[in-house]
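One structure is given below, encoded as structure tokens.
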Amino acid sequence: MFGTRTVLRTLLCGLCLGLGALGAADAQAKCSRVIQVPVAPIGQSVLIEGDNIGGIYPELLRGLTDKEACSFAFSEVPRARLEMLFETGRADLLIPASKTPRRDANGTFVALVQNRATLLSLPSNRPAIKSLRELMDHSALKVALVRGFDYGPAYQELVNVLGKQGRLILDVDAVSVARLLKAGTADVTIMAPTILAGAVQDDERVRDLQDRLRVEPLEELPWGYSGVYLSNTALNPQDRATLLDALERTARSGEVWKAFQRFYSPTILKGSIRPL
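Be aware that the sequence shown starts at 1, since it is given in our numbering, and climbs by one per residue.
See the structure below:
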């Protein structure tokens, strides 16, 4: 999976250098303790092999270490458990994460890019699906989703309906969903195209799907925001303020968008990620 890791870290140097050039920060600003960041693999945003954790967002945080005098400890957990840890105040950050009302109840959000989840599938003669309602009514289609993903109330309603219809398959990550699509066990999935495209390009079992994805926007899932949540309970006010200031400056720099441009084709980005 980490065949591209060396290239990734090299290219991400631009991100780290960009963060270092954001302007002088308060030299006294520092975090009172190591910031705990549980993560799950998600495209090129978070890459994990054994004890090695990299990708766009871990490197972003590492780029803040010297500048802000904050240290980050990364640990791998399944995506669904990651959400639970954040909701119960046992994770300092939730990254990356789409902005949703449910998450707003537990954290302070900093937008880093705009994102959009879409319907994804392999090429077929199936008529286009333009809404979640059409998908609910298309009873012949099996839908595979990543457990713990959340794209807002309309998405959560879909999860509930599909579960009652017996058409829902929940799996642990995007690679697992890609394998279900390839095997024909599932017909479609919903996530940001960069997540699925980024996952398959590093896994030889499904790499051949990379240029075959059918992307269909859904009316109920418009463009929104993706970034990082800072826990309202796990972080003390000083640490939260320090991280909030640093991440807001990072957002204004545009370096996260530039990092996405390095790792994804314009075709995939067009329907998935765009700058603030």
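Backbone N, C-alpha and C define an ideal beta-carbon position, used for all residues, glycine too.
All figures in this text were calculated on a predicted structure; none of them were measured in a lab.
Does the stretch 96–107 come close enough to the stretch 225–240 that 3 or more CB-CB pairs lie under 8 Å? The stretch 225–240 is in contact with the stretch 96–107.
Among the candidates S121, L218, V34 and V37, whose CA atom is the shortest distance from the CA of E134? For the purposes of this step, residue 134 is taken as the residue at position 134 of the sequence shown. Among S121, L218, V34 and V37, the Cα nearest to that of E134 is on L218.
Restricting to Cα atoms, I'd like to know which of Q238, D137, A246 and S131 is closest to A154. Here residue 154 refers to the residue found at position 154 when the sequence shown is read from its first residue. Distance from the Cα of A154 is smallest, within the candidate group Q238, D137, A246 and S131, for S131.
Round the Cβ separation of T189 and V177 to the nearest angstrom and send it over; I've been treating them as touching at under 8 Å. For this step, residue 189 is matched to residue 189 along the sequence shown. For this step, residue 177 is matched to residue 177 along the sequence shown. Approximately 5 Å separates the beta-carbon atoms of T189 and V177; this is inside 8 Å, confirming the contact.
When you measure from the CB of R133 to every non-hydrogen atom of the ligand GDP, does any distance come out below 7 Å? For the structure depicted, the ligand GDP is absent and the ligand set is empty, with no information on it obtainable.
For E219, the three-state DSSP class (helix, strand or coil): On the sequence shown, position 219 is the one that residue 219 refers to. The answer is coil: DSSP assigns E219 none of H, G, I, E or B.
According to DSSP, which residues form a beta bridge with Y225? For the purposes of this step, residue 225 is taken as the residue at position 225 of the sequence shown. Q114, per the DSSP bridge assignment.
Between the CA atoms of P123 and H138 - distance to the nearest angstrom: Position 138 of the sequence shown, counting from 1, holds the residue named residue 138. Position 123 of the sequence shown, counting from 1, holds the residue named residue 123. Cα atoms of H138 and P123: separation of roughly 17 Å, rounded to the nearest angstrom.
According to DSSP, simplified to helix, strand and coil, what is D171? Taking the sequence shown and counting its residues from 1, one reaches residue 171 at position 171. In this structure, D171 counts as strand in the three-state DSSP scheme.
Using only CA atoms, which one of R262, Q114, M191 and S32 lies nearest to L213? As a first step, residue 213 must be located in the sequence shown, where it is residue number 213. Nearest C-alpha to L213 among R262, Q114, M191 and S32: M191.
For N160, the three-state DSSP class (helix, strand or coil): Against the sequence shown, residue 160 aligns to sequence position 160. If DSSP states are grouped into helix, strand and coil, N160 belongs with the helices.
Determine contact between the stretch 32–47 and the stretch 70–82, defined as no fewer than three beta-carbon pairs at a distance below 8 Å. With a cut-off of 8 Å on Cβ pairs, the stretch 32–47 is in contact with the stretch 70–82, counting three or more such pairs.
Specify whether the stretch 89–104 and the stretch 141–152 touch according to this definition: at least 3 beta carbon pairs, one from each stretch, less than 8 Å apart. Counting Cβ pairs under 8 Å, three or more are found: they touch.
Bridge partners - Q36, DSSP secondary structure assignment: As a working mapping, residue 36 is identified with position 36 in the sequence shown. DSSP lists A73 as the beta-bridge partner residues of Q36.
In the DSSP assignment, find the unbroken alpha helix (DSSP H) run with I253 in it and report its ends. Residue 253 sits at position 253 when you count from the first residue of the sequence shown. In the sequence under discussion, the amino acid at residue 253 is Ser, which differs from the Ile named in the question. Its alpha helix (DSSP H) spans residues P237 to S253.
Between which residues of its own chain and M1 is the CB-CB distance below 6 Å, once the five residues before and five after are set aside? Taking the sequence shown and counting its residues from 1, one reaches residue 1 at position 1. With a pLDDT of only 45 at M1, under the threshold of 50, the placement of this residue in the model should not be trusted; the figure read from the coordinates follows. Sequence-distant partners of M1 (beyond 5 residues in either direction) whose C-beta falls short of 6 Å from its own C-beta, in its chain, are E49 and D202.
Thinking just about the alpha-carbon of each residue, which of S265, I56, T267 and S253 is nearest to the one in P288? Here the chain has residues from 1 to 276 only, and residue 288 is not among them.
Does the distance from the C-beta atom of V37 to that of L64 stay below 8 Å? Position 37 of the sequence shown holds residue 37. Position 64 of the sequence shown holds residue 64. Contact: no.
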